[in-house]
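This report refers to the structure that appears directly beneath it.
Number of protein chains: 2
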Amino acid sequence: MSDIDERHEARMKRKKDVVDQAIAAARVERGVLVVNTGTGKGKSSAAFGVVARALGHGMKVGVVQFIKGRSDTGEEAFFRRQPDVQWHVSGEGFTWETQNRARDVATAEAAWDQARALLRDPAIGLVVLDELNIALKYHYLDVATVIADLAARPAMQHVIVTGRAAPPELVEVADTVTDMTMVKHAFKAGVKAMPGLEW
Amino acid sequence: MSDIDERHEARMKRKKDVVDQAIAAARVERGVLVVNTGTGKGKSSAAFGVVARALGHGMKVGVVQFIKGRSDTGEEAFFRRQPDVQWHVSGEGFTWETQNRARDVATAEAAWDQARALLRDPAIGLVVLDELNIALKYHYLDVATVIADLAARPAMQHVIVTGRAAPPELVEVADTVTDMTMVKHAFKAGVKAMPGLEW
Numbered sequence: 001m002s003d004i005d006e007r008h009e010a011r012m013k014r015k016k017d018v019v020d021q022a023i024a025a026a027r028v029e030r031g032v033l034v035v036n037t038g039t040g041k042g043k044s045s046a047a048f049g050v051v052a053r054a055l056g057h058g059m060k061v062g063v064v065q066f067i068k069g070r071s072d073t074g075e076e077a078f079f080r081r082q083p084d085v086q087w088h089v090s091g092e093g094f095t096w097e098t099q100n101r102a103r104d105v106a107t108a109e110a111a112w113d114q115a116r117a118l119l120r121d122p123a124i125g126l127v128v129l130d131e132l133n134i135a136l137k138y139h140y141l142d143v144a145t146v147i148a149d150l151a152a153r154p155a156m157q158h159v160i161v162t163g164r165a166a167p168p169e170l171v172e173v174a175d176t177v178t179d180m181t182m183v184k185h186a187f188k189a190g191v192k193a194m195p196g197l198e199w
Numbered sequence: 001m002s003d004i005d006e007r008h009e010a011r012m013k014r015k016k017d018v019v020d021q022a023i024a025a026a027r028v029e030r031g032v033l034v035v036n037t038g039t040g041k042g043k044s045s046a047a048f049g050v051v052a053r054a055l056g057h058g059m060k061v062g063v064v065q066f067i068k069g070r071s072d073t074g075e076e077a078f079f080r081r082q083p084d085v086q087w088h089v090s091g092e093g094f095t096w097e098t099q100n101r102a103r104d105v106a107t108a109e110a111a112w113d114q115a116r117a118l119l120r121d122p123a124i125g126l127v128v129l130d131e132l133n134i135a136l137k138y139h140y141l142d143v144a145t146v147i148a149d150l151a152a153r154p155a156m157q158h159v160i161v162t163g164r165a166a167p168p169e170l171v172e173v174a175d176t177v178t179d180m181t182m183v184k185h186a187f188k189a190g191v192k193a194m195p196g197l198e199w
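These protein sequence lines map, in sequence, to chains A and B. Numbering of the first sequence is given in full-length UniProt numbering, commencing with residue 1 and proceeding in unit increments. Numbering of the second sequence is given in full-length UniProt numbering, commencing with residue 1 and proceeding in unit increments.
Have a look at this one:
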C-alpha cells in the first residue's frame, strides 16, 4: 500500500470514529423545526426536496405558500399531481407587487389559518411554510402567535419555514437553521430566471 | 390611508422599480451551472427540489450520486418512480466507511463516466451531480477534466453540483453559488437523523 493510501486510510478511520460517536449520541426522535433563510438560492427548493424525500417514505405533506410569486411554477405543477400533497397558495404576488399593506395582512392571516389546520393534523408528517419569513418580516403576522402554533403541533411532525430575514425569535426556537449565503448568482450576471431551475 | 400604510406603499413602489429594472436587465437564456456548498443543511435537498421543479416543466433529469450514504433514502425511492428521471448511485458509502482510496477512485471514475453521458445528451434538461464536491476534495477525480466536461455540455442544460468544500476552480466557473451556512443543527442537539427529513 502506498504512503498516500495509508495516510488516507488512517485519516478516514479517525473520521469514522468521530462520525460514529456523533450518531450514537443522537438518540432523540421527534419532529424537527427547520428554518431556511439568507439571501442565497435554495431556501424554497431545499424545502421542496424534503417534500420529495418525505413522499418517498410514504408521509403526507402540506405546503402553504405565503407569497405567491407566479402561478406557473414547476414545483406547484409537479407536486399538485402527487396524491399525498396538499398545496395551498395564498397571496397575490410579491409584496412589492400589491403595494397594499391591509390586503397583504388579510391574505397572510387567511394563509395562517390554512397552516394552523395542517399544524393540528397528526396525519401530516411534514409542513412547509414557504416564504413565511417574509410575512413575519413585514409584520403581516404576529411572530408570537406563529411560534405558539408551531410549538403546539404533533410531536412527530416536521416543519420547514423558508424566506430571507427569519426573525430572531423563530431562529431561537428552531432546531435546524441554515443561512443560504449568496456567493454569486447568474441573475446578477444577466441570465434570465430560467424555467425548471429558478421557477 | 394611515401613515404606516402610506409608508409601506411608497417603500414597495421603490422596491418594485428596483426589481423590475433587474428583471429587464437579465436577458440571456442559457443553461446555468449551480454549486451548492457549505457545511449547513440543504445542499442536496435544494438540488432535489429543483428536480421536482424541472419535472413540473416537462424536462428530463439525470442524477448521479457520487457518495452513497445509505440505500434507503426517500428521495431515491420517490424519484425512481418518476419516468423522466434517470437515477444513478455510485460508491459504497461515505468515504470514511470504505477507508480504501484506490477503490474510491475507481468508483468515482465510473460515476463520472455516467455523468459525462448525461452531460453529452441534449435531451437531459437538468443534471444533478450530488456530492461531486467530496469526490473532488479527496482528488478522486481531476477537477480540470470535470470542468472541461461541464463546459462542453449542451447550451441549455442546467447542472447542479452539491457537497461541502467546493473547489475554488469550480466556484470560479459556476454561475450561481450558494454557501449553505450552518446556524444550528438538530443533530448536534441530540436528535437522530429523521426519515423523511434528513434522508
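The beta-carbon is built from N, C-alpha and C at its ideal position, and this holds for glycine as well.
Against chain A: residues of the region 169 to 184 of chain B by CB proximity under 8 Å: Val171, Ala174, Asp175, Thr176, Val177, Thr178, Asp179, Met180, Thr181, Met182, Val183, Lys184
Does the distance from the C-beta atom of glycine 125 (chain B) to that of lysine 60 (chain B) stay below 8 Å? yes
So is arginine 101 (chain B) buried or exposed if we call it buried at 16+ other beta carbons inside 10 Å? buried
In terms of residues, what are the limits of the beta strand (DSSP E) holding glycine 74 (chain B)? Where glycine 74 (chain B) is concerned, there is no enclosing beta strand (DSSP E), although the alpha helix (DSSP H) it sits in stretches over 74 to 80.
Proximal residues of chain B, C-beta to C-beta of isoleucine 4 (chain A) below 8 Å: Arg101
Is there at least one non-hydrogen atom of the ligand PLP closer than 7 Å to the beta-carbon of arginine 80 (chain A)? Among the components of this structure there are no ligands whatsoever, and the ligand PLP is therefore not found.
Can you tell me whether DSSP reads glycine 56 (chain A) as helix, strand or coil? helix
Quick check on DSSP: helix, strand or coil for leucine 141 (chain A)? coil
From the DSSP secondary-structure annotation, give me the bridge partner or partners of valine 183 (chain B). Valine 183 (chain B) is not bridged to any residue.
Who are the Cβ neighbours of glutamine 65 (chain B) in its own chain at under 6 Å, not counting the five residues just before and after it? Val89, Asp130
Below-8 Å beta-carbon distance, leucine 119 (chain B) vs any chain A residue: no
Check for me: the alpha helix (DSSP H) holding isoleucine 107 (chain A) runs from which residue to which? Sequence check: residue 107 (chain A) is threonine here, not isoleucine. First-last of the alpha helix (DSSP H) with threonine 107 (chain A): 101 to 119.
Considering only their Cβ atoms, is the gap separating leucine 170 (chain A) from residue 200 (chain A) smaller than 8 Å? Given a span of 1 to 199 for chain A in the structure shown, any question on residue 200 (chain A) remains unanswerable.
Name the DSSP bridge partner or partners of residue 201 (chain B)? This structure does not reach residue 201 (chain B), given that chain B is present from 1 up to 199, and the question cannot be answered.
Can you give me the Cβ contacts of tryptophan 87 (chain A) inside the same chain, cut-off strictly under 7 Å, excluding the 5 residues immediately before and after it? Val63, Glu76, Phe79, Arg80
Are the C-beta atoms of arginine 53 (chain A) and some chain B residue less than 8 Å apart? yes
Evaluate contact between the region 134 to 142 of chain B and the region 30 to 49 of chain A, counting only Cβ atoms and requiring at least three cross-stretch pairs below 8 Å. no
Assign alanine 47 (chain B) to buried or exposed, taking buried as 16 or more other Cβ atoms, counted over all protein chains shown, within 10 Å of its Cβ. buried
Suppose the cutoff is 6 Å on Cβ atoms and the five residues either side in sequence are ignored; what does the same chain contact list for serine 71 (chain A) look like? none
Proximal chain A residues relative to glycine 125 (chain B), where beta-carbon distance stays under 7 Å: Gly196
Quick check: the Cα distance between alanine 155 (chain A) and aspartate 3 (chain A), rounded to an integer number of angstroms? 51 Å
Helix, strand or coil for isoleucine 67 (chain A) per DSSP? coil
Check whether the region 48 to 56 of chain A touches the region 24 to 33 of chain A, counting contact only when three or more Cβ pairs, one atom from each stretch, lie closer than 8 Å. no
Under 8 Å from the C-beta of proline 90 (chain A): neighbouring residues of chain B: Before going further, note that residue 90 (chain A) is serine rather than proline in the sequence given. Here the premise fails: no neighbours, minimum Cβ distance about 18 Å.
Min CB distance glutamate 29 (chain B) to chain A below 8 Å: yes
Quick one: does alanine 155 (chain A) have its CB under 8 Å from some CB of chain B? no
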